[in-house]
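Below you'll find the structure, written out as structure tokens, and then a few comments.
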């Protein structure tokens, strides 16, 4: 008998205890039932998604892709989908360009500066702490790159690959190792740089496609490419030598620039001088010829006199110039000189009259 | 509050019904339904024994909890990177490699039975890959990995062989599909780097010397070419000058000759006198006959 009464009592007690909570709930339902409707509507429309202009969306219903092929990819705009857990809308930033720095092959692989200084200032390189690549001619170079990439296949992005950046890193690094492994350090450091980068990008894209990654490598750019600090001095010396060689050649060219015009000037002067001389010669010839012709006409008028005069003038001149004049009498009929000789030293002896002093 | 609203019990009942039905439905659905996403598979494990593989995405049914359990397996492609491992090539050269594998779970059941988690799978892959690298590299020379001669490079071949060595075991034993294998680092052991540096420096010195020699040679060639050309220009000038002079002399001679031809005898006479005048100087002794003009005047003959 006590039992039903007890249980009844217990129930009454419980109801009394819960009275404020129940009353509050009822009050809420009564006063806020329109609020609940709002909440319900909000839930039912929670699947409606606005897809931004720089992205696309894919919808999964109970985990299964809605639509197939190109139809599965929803363009930007308002997308009507059912609320979770029925539909799951995944937005994919297809227009976004992701940037990934690749420093695994560079001495800056170690981020902490003090450690980096320690590991790069030694005479050797610890492969686990200093990144580098071995070139085709067994030289060591550091290379740091930045890859810019985009989502090419939104479906693969959401369901086929885990951590896309890891795939991208592996593809680019493997391509860099193999591309640099096939090139000489000098082509890589000089004009072959861009060809190498293009080759790495192309190889990396081929790998990504083969793996079905659905990623597009937009651009690959070198941040740094150079020999290790330990041998940098030697590389600089080569540059210095190249510059010096160029300077010497340039100096030689300057010498040429100066010497050839000089030679041309000399040659020109010589010919001009020769022309002047030629003019003189001809002039002289003509005047002498004229003089001779003048003499000739005179001579023809009176040959004996002119001849005599010429001879006398000549002898006078000779006697004027000569130091010593000897006179000999004409030989006798036998035709032999008798040795008589009268010597007159015109240079020393005062001339007739002795005007000396 | 004793003055209970007559609507209160009715509202209470309604609420009870709604909450009750919702709860029952929710529990039922949670216990017997599960969804499989794209890119994953589910194993239905009955009393601890995986009996069913569900790899079609969508909503699926199972027996409630103590009987069936669902284990999800991620099927997406992922990258695994090995640590640095030193190995020997066929030509006894040491290299330090970091390999990678692109892989995914291909057989969820085999994967679950043999490994279970991604982390464990990576441990297994590390072992497989390292062993394969040691084996394959032992058959190739270092030149197959780094060479300026494209015919000696065998990177593609090495990767293919590595893939063959790894993927067979991975797929047969672990239900893993390996899509690609490669190297993302190729370094030399620390002890060898010093020698490489030494060689690099020697090579650079050689280049520097070559540049120097080539520069000197080119400069010397330009200078000697210049000298030669300058000499040629001057010689041409001299030749031209000589030619001009020669022509002028010939012209002069022609003028003279034309004049003299009129009376060669007079010309000879005048020339002889001129020559005589030229020859005689202060230290010349002239010997004259007393009967030569004008001294003839002094003798009897002159009169």
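Chains as they are written, first to last, in the working numbering: chain A, 1 to 357; chain B, 358 to 660.
Backbone N, C-alpha and C fix where the C-beta goes; we use that ideal spot for every residue, glycine too.
Can a CB atom of chain A be found closer than 7 Å to the CB of residue i?
i, result
"residue 401 of chain B", "no"
"residue 621 of chain B", "no"
"residue 609 of chain B", "yes"
"residue 614 of chain B", "no"
"residue 544 of chain B", "yes"
"residue 391 of chain B", "no"
"residue 469 of chain B", "no"
"residue 574 of chain B", "no"
"residue 557 of chain B", "yes"
"residue 436 of chain B", "yes"
"residue 433 of chain B", "yes"
"residue 486 of chain B", "no"
"residue 641 of chain B", "yes"
If we cut at 7 Å on Cβ distances, does residue i have a partner in chain B?
i, result
"residue 277 of chain A", "yes"
"residue 235 of chain A", "yes"
"residue 177 of chain A", "yes"
"residue 57 of chain A", "no"
"residue 211 of chain A", "yes"
"residue 73 of chain A", "no"
"residue 314 of chain A", "yes"
"residue 160 of chain A", "yes"
"residue 124 of chain A", "yes"
"residue 65 of chain A", "yes"
"residue 193 of chain A", "no"
"residue 84 of chain A", "no"
With distances taken between CB atoms, is the gap from residue i to residue j smaller than 7 Å?
i, j, result
"residue 66 of chain A", "residue 543 of chain B", "no"
"residue 83 of chain A", "residue 47 of chain A", "yes"
"residue 155 of chain A", "residue 72 of chain A", "yes"
"residue 184 of chain A", "residue 224 of chain A", "no"
"residue 226 of chain A", "residue 394 of chain B", "no"
"residue 547 of chain B", "residue 124 of chain A", "yes"
"residue 438 of chain B", "residue 457 of chain B", "yes"
"residue 454 of chain B", "residue 391 of chain B", "no"
"residue 579 of chain B", "residue 256 of chain A", "yes"
"residue 57 of chain A", "residue 80 of chain A", "no"
"residue 211 of chain A", "residue 536 of chain B", "yes"
"residue 93 of chain A", "residue 55 of chain A", "yes"
"residue 321 of chain A", "residue 343 of chain A", "no"
"residue 330 of chain A", "residue 648 of chain B", "yes"
Can you say whether residue i is buried or exposed, counting buried as having 16 or more other CB atoms within 10 angstroms of its CB?
i, result
"residue 149 of chain A", "buried"
"residue 371 of chain B", "exposed"
"residue 178 of chain A", "buried"
"residue 607 of chain B", "exposed"
"residue 139 of chain A", "buried"
"residue 8 of chain A", "exposed"
"residue 495 of chain B", "exposed"
"residue 440 of chain B", "exposed"
"residue 290 of chain A", "exposed"
"residue 30 of chain A", "exposed"
"residue 601 of chain B", "buried"
"residue 173 of chain A", "buried"
So residue i and residue j are supposed to be a Cβ contact under 8 Å. How far apart are they, rounded?
i, j, result
"residue 106 of chain A", "residue 228 of chain A", "With 8 Å as the limit, residue 106 of chain A and residue 228 of chain A do not qualify as a contact, their Cβ atoms being about 10 Å apart."
"residue 433 of chain B", "residue 396 of chain B", "5 Å"
"residue 436 of chain B", "residue 170 of chain A", "5 Å"
"residue 638 of chain B", "residue 270 of chain A", "Between residue 270 of chain A and residue 638 of chain B the Cβ distance is about 34 Å, and since that is not below 8 Å, they are no contact."
Which class does residue i belong to by DSSP, given the choice of helix, strand or coil?
i, result
"residue 504 of chain B", "coil"
"residue 311 of chain A", "helix"
"residue 572 of chain B", "helix"
"residue 117 of chain A", "helix"
"residue 425 of chain B", "strand"
"residue 250 of chain A", "helix"
"residue 58 of chain A", "strand"
"residue 383 of chain B", "helix"
"residue 322 of chain B", "With chain B covering 358 to 660 only, the question about residue 322 of chain B has no answer from this structure."
"residue 517 of chain B", "helix"
"residue 451 of chain B", "strand"
"residue 283 of chain A", "helix"
"residue 128 of chain A", "coil"
"residue 71 of chain A", "helix"
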